[in-house]
Amino acid sequence: MGPYQIRLSKYPFSGSEKHPRRFQASWFVQFGYWLEYSPSKDAAYCLPCYLFTMKASQRSRWDDPCSCHNNAVKYCEDLLKQSQHIDKVMNAQSSEQILNNRLRVKTSIDVVRWLAFQGCAFRGHDETLDSKNRGNFLEMLKLLASYNDKVGKLVLKNAPKSSKYTSPQIQKEILEVLAKKVRNKIREDVEDSRFCIIVDETRDESKREQMAIILRFVDVDGFIQERFFDLVHVKDTSTLTLKNEISAILSRHCLDIQNIRGQGYDGASNMHGEWNRLQALFLKDCPYAYYVHCFAHRLQLALVAASREVVSVHEFFSNLNFIINVVGVSCKRHDELQAAQATHITHMIAIDELESWENLLENVVSFSKKFNIDISELGSRYIQGRGRHQRDYITIEHHYHFEIFNAAIDFQMQELDNGFGEGTTKLLTLSSALDPKDGYKFFNIDDICCLAEEYYPLDFSENEKINLRFQLKHFEVDVLSNPKFQDLRSIADLCRKLVETEKSKIYYLIDRLIRLILTLPVSTATSERAFSAMKIVKTRLCNKIEDEFLANNLVVYIKREIAKNFDLNSILDDFVFPQFS
1 MGPYQIRLSK YPFSGSEKHP RRFQASWFVQ FGYWLEYSPS KDAAYCLPCY
51 LFTMKASQRS RWDDPCSCHN NAVKYCEDLL KQSQHIDKVM NAQSSEQILN
101 NRLRVKTSID VVRWLAFQGC AFRGHDETLD SKNRGNFLEM LKLLASYNDK
151 VGKLVLKNAP KSSKYTSPQI QKEILEVLAK KVRNKIREDV EDSRFCIIVD
201 ETRDESKREQ MAIILRFVDV DGFIQERFFD LVHVKDTSTL TLKNEISAIL
251 SRHCLDIQNI RGQGYDGASN MHGEWNRLQA LFLKDCPYAY YVHCFAHRLQ
301 LALVAASREV VSVHEFFSNL NFIINVVGVS CKRHDELQAA QATHITHMIA
351 IDELESWENL LENVVSFSKK FNIDISELGS RYIQGRGRHQ RDYITIEHHY
401 HFEIFNAAID FQMQELDNGF GEGTTKLLTL SSALDPKDGY KFFNIDDICC
451 LAEEYYPLDF SENEKINLRF QLKHFEVDVL SNPKFQDLRS IADLCRKLVE
501 TEKSKIYYLI DRLIRLILTL PVSTATSERA FSAMKIVKTR LCNKIEDEFL
551 ANNLVVYIKR EIAKNFDLNS ILDDFVFPQF S
């Protein structure tokens, strides 16, 4: 008969006659579940040993000092504790590991985001444990760990070797997630509205040809937005290569080429010819993607060309440039010039007068003599000018006004006419009919309707073109005299005011036309800021940055006002945890 907890009134004696002993029923209560008794063998046994000892020969009586007993009791206690079952333990360990990994990645995300916002390099030249400077990323992570015990116990040397989440690849992946979220936000802002592409090119520190792509559009609140979207390394600057690269980026983000209503390029760049051919290719796909060179660059070219044609102006700026170079290379000359200028300005303020052209020229001649600068031709012209003044009674003012100023204006007008084509000029002229400046003095219903019919025929149906005229007539009575719409300085101000007053819903056709006008590019200032940022990010010490990493870095750096709004958990959710990091 096997052992069990049998309760008898009397148990048989055992042992020697001098010291007889027997089992006690009270022991079942005293020792609990593990004690059992065998009537056939008159012996007490341990239940844990009976259950967890593999061989019967290894089972021991409860009063035997057997080492297996302690282990068996522990096994039995674990069996009775549900929280310590193997599946529960594994789940608990897995959940804790996940939380720890997420905290490590969050810390790395914070470091990546901060470095990207500041335009700082991520990696160091020596990231070994013995290095005095392991690079910005690791050093910043070390600093964060020193201020947070919870983080400090999990990162760097305290992290498991397979889940540190600090490798260069992890840094790039985090930055890519950030850049992708920024681009997606820009794409959401564009929605299905018409937009303009602004493209510019430059060479970076590694002498690679880079092409910046900017999207210009009007958002739902009526604000003009110019968003830096991407930077592309082009192996060659042929027209077809540029076209394919731009189209690929737009297609990747579901931006329809048919929605392009403007193309803007740097007309002053060395790629002037390529830009001309590129715009022709896009016009084949979208005939209303109007091509406009950067107005600021066109004006610059016109002014430079005009100044070269007027000899006196060209000589003045040439000599002035020479003077600046001479002064700029000498710290002593620079300090003396600043001191002299400060004294001169103080004197002008005291006497409340401005300097005449003649006195200015005298000062230039005097300054050049002081520093042995040869401007004999400029000086001789000044002397000859005074001689003419004495002989022919022609004043210096007359000389500058007619022989220089008027001549320069004439050449500038010629260059501006050559620089701005007839089609672009007419488009801008018709657009000015919606300009609210000076009390809407250019407002003209016929010009506005002509603008919609000739330049944006696909954006208005035939019925909408008819309704546009009726809306304009109501607009003229309702808006032009409305106090809220007075003192507006630009078409962009008018667009925002229409949205603000919700009149954009009433005059929705006019609002649509205004938004089309505002997509026209007027400058490449955003691309210039992008290239300035690239000089900060990709320096001579960091000239080996990969193209994709550079592009993502610039997107986050330039549009950090967007990137800073992303919740840390949303970034973490988009991050794919690798097996090894």
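Residue 344 in the UniProt record's numbering sits at position 344 of the sequence shown; the count goes up by one each step and never skips. Don't be surprised by glycine CBs; every beta carbon is placed ideally from N, CA and C.
key: Closest residue to LEU513 among GLN486, GLU453, ARG489 and ALA551 (Cα-Cα distance)   = GLU453
Buried versus exposed call for ILE409 [16 or more other C-beta atoms within 10 Å across all chains shown] = exposed
task = Can you give me the Cβ contacts of PHE442 inside the same chain, cut-off strictly under 6 Å, excluding the 5 residues immediately before and after it?
result = SER432, ALA433 and ASP435
key: Residue(s) in a DSSP beta bridge with ILE214   = ILE198 and PHE228
task = Give the DSSP-derived three-state secondary structure of HIS399 in the structure shown.
result = helix
task = May I ask you to report which of helix, strand or coil DSSP gives TYR44?
result = The question names Tyr, but residue 44 is Ala in the sequence shown. ALA44: strand per DSSP, three-state reduction.
request  = Flag this pair as touching only if the region 179 to 187 and the region 226 to 233 have three or more C-beta atom pairs under 8 Å; answer yes or no.
outcome  = yes
Pick from ARG216, LEU472, PHE475 and ILE491 that is closest to LEU428, judged by C-alpha positions = ILE491
message = Looking only at its chain, what residues have a beta carbon closer than 6 Å to the beta carbon of ASN101, apart from the 5 residues adjacent to it on each side?
response = SER163
request  = Could you tell me if GLY328 is buried or exposed, where buried requires 16 or more neighbouring beta carbons within 10 angstroms of its beta carbon?
outcome  = exposed
request  = Could you tell me how far apart the beta carbons of ILE109 and LEU520 are, in whole angstroms, since I believe they sit closer than 8 Å?
outcome  = The Cβ separation is near 39 Å, so there is no contact.
task = Per DSSP, which residues does ARG21 bridge with? Please list them.
result = SER14
inquiry  = Excluding the 5 residues flanking PHE575 on each side, which residues of the same chain have their C-beta closer than 8 Å to its C-beta?
reply    = VAL105, ILE109, GLU173, ILE174 and VAL177
task = With a 10 Å radius around its C-beta and 16 neighbouring C-beta atoms as the bar for buried, classify LEU430 as buried or exposed.
result = buried
query = Does the beta-carbon distance from ILE558 to ALA533 come in below 8 Å?
reply = yes
request  = Keeping to the same chain, check which residues put their C-beta closer than 8 Å to that of ALA116; ignore five residues upstream and five downstream.
outcome  = LEU175, LEU178, ASN553, VAL556, TYR557, ARG560 and ALA563
query = Within 10 angstroms of its Cβ, does ASP204 collect 16 or more other Cβ (buried), or is it exposed?
reply = buried
inquiry  = According to DSSP, is ILE545 part of a helix, a strand, or is it coil?
reply    = coil
task = Just mark ARG22 as buried or exposed, buried being the case when its beta carbon has 16 or more other beta carbons within 10 Å.
result = exposed
query = Helix, strand or coil: how does DSSP classify SER38 here?
reply = strand
message = Distance check for VAL73 and PHE13, CA to CA, integer angstroms please.
response = 28 Å
Separation of ALA306 from TYR382, as counted between CA atoms = Only weak support is given to the placement of TYR382: the predicted model assigns it a pLDDT of 47, under 50, and the value that follows is read from those uncertain coordinates. Rounded to whole angstroms, TYR382 to ALA306 spans 22 Å at the Cα level.
task = Note the first and the last residue of the continuous alpha helix (DSSP H) segment covering GLN471.
result = 462 to 478
key: For ASN444 and GLU476, the rounded distance between their alpha carbons   = 9 Å
ask   = Can you check whether the CB of TYR265 is closer than 8 Å to the CB of TRP275?
value = yes
Alpha-carbon to alpha-carbon, LEU494 and residue 618 = The structure shown does not extend to residue 618, since the chain is modelled only from 1 to 581, so the question has no answer here.
query = Are GLY135 and ALA145 touching if we call contact CB-CB under 8 Å?
reply = no
ask   = According to DSSP, is GLU209 helix, strand or coil?
value = strand
ask   = Candidates PHE223, LYS243 and GLU462: which alpha carbon is nearest ALA212's?
value = LYS243
query = How many angstroms separate the CA atom of GLU403 from the CA atom of ARG308?
reply = 14 Å
query = Is the beta carbon of ILE214 sitting closer than 8 Å to the one on ILE198?
reply = yes
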